[in-house]
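Please read the structure below before turning to the comments.
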Amino acid sequence: MAGCVLLAGLVVLALSVGTQGFGWGDGGSLLLLRSPRVLAALAAGLALGIGGAAQQGVFRNPLADPGLTGVFGGALFGIAVLLGLFPEAAWQRAWFIPAAAFGGALGTSALLTLIGSGGSSSRLLLTGLGLNAFTSAGTLVIASRSGESRELLTNGAYGDWLGMATLELTWLPVVLCLLAALLLLPLARSLDLLSFGEDAARGFGCEVGSARRKAVLLTALAAAAATCLVGQVAFIGLLAPHLARAMVGPRHAYVLPLSALLGAGLLLGADTIGRGLWPQAPLSAAAVTAILGAPLFIWIARGRHE
Amino acid sequence: MSDAMIHALGLGVEIGGRRIIDGVSLSAARGESVAIVGPNGAGKTTLLRALAGLLPSEGELDVGGYDPRIIDAVTCAQTRAYCAQKPLSAWDYRVRDLGDILGDPLGYADWLAKLRLGEFSGHRLSELSGGEQKGAHLAMAFAALAEPFGGALLLDEPAASLDLSRQEAVAQAVFAFAQAGGACVVATHDLSFARRCDRVVVLSEGRLVAAGEPASTLTPAIISGAWGASASSVR
Numbered sequence: 149m150a151g152c153v154l155l156a157g158l159v160v161l162a163l164s165v166g167t168q169g170f171g172w173g174d175g176g177s178l179l180l181l182r183s184p185r186v187l188a189a190l191a192a193g194l195a196l197g198i199g200g201a202a203q204q205g206v207f208r209n210p211l212a213d214p215g216l217t218g219v220f221g222g223a224l225f226g227i228a229v230l231l232g233l234f235p236e237a238a239w240q241r242a243w244f245i246p247a248a249a250f251g252g253a254l255g256t257s258a259l260l261t262l263i264g265s266g267g268s269s270s271r272l273l274l275t276g277l278g279l280n281a282f283t284s285a286g287t288l289v290i291a292s293r294s295g296e297s298r299e300l301l302t303n304g305a306y307g308d309w310l311g312m313a314t315l316e317l318t319w320l321p322v323v324l325c326l327l328a329a330l331l332l333l334p335l336a337r338s339l340d341l342l343s344f345g346e347d348a349a350r351g352f353g354c355e356v357g358s359a360r361r362k363a364v365l366l367t368a369l370a371a372a373a374a375t376c377l378v379g380q381v382a383f384i385g386l387l388a389p390h391l392a393r394a395m396v397g398p399r400h401a402y403v404l405p406l407s408a409l410l411g412a413g414l415l416l417g418a419d420t421i422g423r424g425l426w427p428q429a430p431l432s433a434a435a436v437t438a439i440l441g442a443p444l445f446i447w448i449a450r451g452r453h454e
Numbered sequence: 637m638s639d640a641m642i643h644a645l646g647l648g649v650e651i652g653g654r655r656i657i658d659g660v661s662l663s664a665a666r667g668e669s670v671a672i673v674g675p676n677g678a679g680k681t682t683l684l685r686a687l688a689g690l691l692p693s694e695g696e697l698d699v700g701g702y703d704p705r706i707i708d709a710v711t712c713a714q715t716r717a718y719c720a721q722k723p724l725s726a727w728d729y730r731v732r733d734l735g736d737i738l739g740d741p742l743g744y745a746d747w748l749a750k751l752r753l754g755e756f757s758g759h760r761l762s763e764l765s766g767g768e769q770k771g772a773h774l775a776m777a778f779a780a781l782a783e784p785f786g787g788a789l790l791l792d793e794p795a796a797s798l799d800l801s802r803q804e805a806v807a808q809a810v811f812a813f814a815q816a817g818g819a820c821v822v823a824t825h826d827l828s829f830a831r832r833c834d835r836v837v838v839l840s841e842g843r844l845v846a847a848g849e850p851a852s853t854l855t856p857a858i859i860s861g862a863w864g865a866s867a868s869s870v871r
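Protein chains in written order, with the numbering used here: chain A, 149 to 454; chain B, 637 to 871.
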């Protein structure tokens with residue numbers, strides 16, 4: 149339907165924004181240098197978009213977003229702990245850092261589910277806020293104590309890691325982003341059924357517990373993999389699903405894939421704007437996302453009440 | 637068990653140390669409509685959820701040949717459907733989306749029309765009144781069992797907050813479902829609806845007070861016993 153046409157259009161748009169980025173370099177040699185960055189932005193945006201949609205679905209809360217609920221914070225904290233404790237060993241295997249991020253994201257997800265869910269919407273968000281504050285503080289404490297990782301971790305907290313993307317560093321998180329997204333897609337019907345409440349969901353044949361665990365686990369994986377690529381980026385997990393629902397309605401069979409594509413487009417767009425407008429001193433993707441995303445988000449919030 | 641679609645023996649439910657349902661036995665045969673009545677807080681909703689296998693409970697329970705408490709959700713959903721008193725939806729779906737989510741858009745549209753809600757198919761749930769939203773969720777429950785025959789339908793106050801003509805449409809749908817060979821158990825405050833059902837179960841403080849045909853269960857003595865003396869004048 150119309151949704152499919154929109155999806156196709158956005159893929160083309162995301163791709164063309166990327167190729168424009170190549171053009172601003174000093175020739176074809178930069179293509180090879182920049183393609184990992186473009187790939188990383190696309191994959192991370194994809195994971196952020198679909199992860200946000202899945203988390204909103206599983207918590208039945210339009211404001212749940214891995215950025216606000218502390219899951220990104222947890223992922224970065226996991227990386228910080230690894231870098232703080234084993235600054236050299238951390239880089240020896242490609243999967244060490246993604247694994248640490250996943251551990252951190254899973255930890256905060258578990259706490260969020262245990263403490264924050266089942267109650268009101270504000271309980272979930274306040275729990276997330278607390279987790280976010282705690283993990284961010286933890287990351288900064290570790291960063292301030294560890295000489296060599298200090299700059300790296302601070303950059304991560306500002307969502308400024310895309311600049312150091314190389315194929316060597318990014319291939320595994322990129323694969324994990326795609327994997328998480330692919331595995332989240334089949335959960336669409338469960339997420340739809342969950343929106344009717346636990347009784348109704350189970351009544352209509354959804355194994356509520358296992359569907360929830362899968363969604364929380366995969367959201368943590370998506371958030372962890374995306375964090376390895378960009379660091380912390382707010383708003384994409386919130387904006388992409390909201391835009392998707394505004395375009396195709398709330399059914400997760402459409403919202404999940406469209407959020408993934410919108411997320412990829414938004415992050416790649418933000419990164420391209422950040423380094424395109426100020427080539428000498430590029431702005432981080434996270435900064436551009438927040439500058440553009442925050443007003444849009446406030447506009448959405450206003451619309452919800454009218 | 638023989639022809640019983642739903643068979644519960646000594647069903648008990650305890651929530652937070654409080655006994656909500658205490659030793660309730662009931663059965664519903666294929667083709668039968670059964671009303672669960674009783675005053676507020678009698679445990680009607682809890683009993684219905686326990687029958688649907690949505691709550692941990694003690695005692696024997698068999699719905700369509702399975703124990704819904706232990707069978708997997710998918711198989712269970714093929715033998716029994718449940719609609720809560722106040723269905724909710726976190727997202728603002730269109731009415732017809734519910735049929736797609738269910739996986740049976742045609743069956744859903746059919747029941748939607750029977751409940752006189754066909755015209756709302758393209759509307760968003762938020763554009764509907766509370767009663768109409770309830771109707772959309774009811775249509776989903778009706779359609780969840782592809783064939784009424786061999787299925788159990790458990791409805792919690794299906795006609796509450798509906799206007800009179802839709803109340804009648806829901807009643808007709810319940811009786812049509814039963815006539816097609818299903819078993820329909822309805823928790824309700826509406827005694828005039830209960831009188832039209834094949835059998836009535838009267839619940840008070842979690843215990844079974846009376847069960848049987850409407851004429852023998854909804855007597856003034858039993859009603860005043862369960863609801864209090866002042867209720868006996870209600871017909």
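Ideal Cβ placement from N, Cα and C applies to all residues, glycine included.
Please read all numbers here as calculations on a predicted model, not as lab measurements.
Minimum Cβ-Cβ distance from residue i to chain A less than 8 Å
i	result
B/I737	yes
B/R730	yes
B/D639	no
B/L724	yes
B/A780	yes
Chain-ordered neighbours of residue i on chain B, where CB pairs are closer than 8 Å
i	result
A/R450	None at all; the shortest Cβ gap to chain B is about 17 Å.
A/R337	I737 and G739
Candidates the options, of which the one nearest residue i by Cα
i	options	result
B/G695	B/F829, B/Y702 and B/V649	B/V649
B/A805	B/G739, B/H825, B/G754 and B/G842	B/G754
B/P856	B/R843, B/L844 and B/V838	B/V838
A/L190	A/D419, A/R271, A/N209 and A/L216	A/D419
A/A374	A/T283, A/V403, A/G276 and A/G222	A/G222
A/T275	A/G286, A/T283, A/S284 and A/I263	A/I263
A/V322	A/S257, A/A372, A/L410 and A/S407	A/A372
B/S840	B/G818, B/S663, B/A665 and B/P675	B/P675
A/A253	A/A238, A/G218 and A/F445	A/G218
B/D751	B/D658, B/R655, B/R832 and B/F813	Correcting the residue type first, residue 751 of chain B is Leu in the shown sequence and not Asp. Among B/D658, B/R655, B/R832 and B/F813, the Cα nearest to that of B/L751 belongs to B/F813.
A/A195	A/I421, A/Q380 and A/F445	A/Q380
B/A640	B/W747, B/R654, B/A788 and B/V710	B/A788
B/L790	B/G652, B/I651, B/L854 and B/A686	B/A686
B/G848	B/G653, B/I656 and B/V673	B/V673
A/G417	A/T437, A/S407, A/V403 and A/A408	A/T437
B/T682	B/D703, B/P741 and B/D658	B/D658
A/S136	A/P443, A/G351, A/D308 and A/S407	Because chain A spans 149 through 454 in this model, residue 136 of chain A falls outside it and cannot be assessed.
B/L781	B/E768, B/K680, B/G652 and B/G739	B/G739
Closer than 7 Å at the beta carbon, the chain A residues around residue i
i	result
B/W727	S343 and P398
Closer than 8 Å to chain B by CB, residue i
i	result
A/G197	no
A/G169	Note that A/G169 has pLDDT 47, beneath the 50 cutoff, so the model's placement of it is unreliable and no number is given.
A/D340	yes
A/H453	Legend: pLDDT at A/H453 = 43, less than 50; position of this residue unreliable, no value from coordinates given.
Cross-chain neighbours of residue i in chain A, by beta carbon under 9 Å
i	result
B/Y718	D347, A348, R350, G351 and F352
Interface flag, residue i vs chain C, CB-CB below 8 Å
i	result
B/D733	Absent here is chain C; the protein component of the structure consists of chains A and B.
When you check each C-beta in the stretch 343-374 of chain A against every C-beta of chain B, which residues fall closer than 7 Å? S343, F344, G345, D347, A348, R350, G351, F352, G353, C354 and E355
Counting pairs of Cβ atoms below 8 Å between the stretch 281-290 of chain A and the stretch 223-243 of chain A, do you hit three or more? yes
At least three beta-carbon pairs within less than 8 Å, the stretch 776-792 of chain B to the stretch 705-718 of chain B: yes
Taking one C-beta from the stretch 194-206 of chain A and one from the stretch 330-346 of chain A each time, how about it: are there three or more such pairs within less than 8 Å? yes
Along the stretch 200-211 of chain A, where does the CB come closer than 7 Å to a CB of chain B? Name the residues. R208
If contact means a Cβ-Cβ distance below 7 Å, which residues of the stretch 679-698 of chain B contact chain A? R685, A688 and L690
Sufficient close CB pairs (3 or more, under 8 Å) joining the stretch 682-697 of chain B to the stretch 342-351 of chain A: yes
Under 9 Å (Cβ pairs) to chain A, residues found in the stretch 700-716 of chain B: D708, A709, V710, T711, C712, A713, Q714 and R716
Assess contact between the stretch 794-803 of chain B and the stretch 728-748 of chain B, defined as three or more Cβ pairs (one per stretch) separated by less than 8 Å. Is contact present? no
Counting pairs of Cβ atoms below 8 Å between the stretch 819-834 of chain B and the stretch 656-674 of chain B, do you hit three or more? yes
Quick test of the definition: if touching needs 3 or more C-beta pairs under 8 Å, does the stretch 244-260 of chain A touch the stretch 303-312 of chain A? no
Give a yes or no on contact between the stretch 740-748 of chain B and the stretch 407-416 of chain A, applying the rule of three or more CB pairs nearer than 8 Å. no
How do the stretch 384-391 of chain A and the stretch 276-284 of chain A stand: do at least 3 beta-carbon pairs fall below 8 Å, yes or no? no
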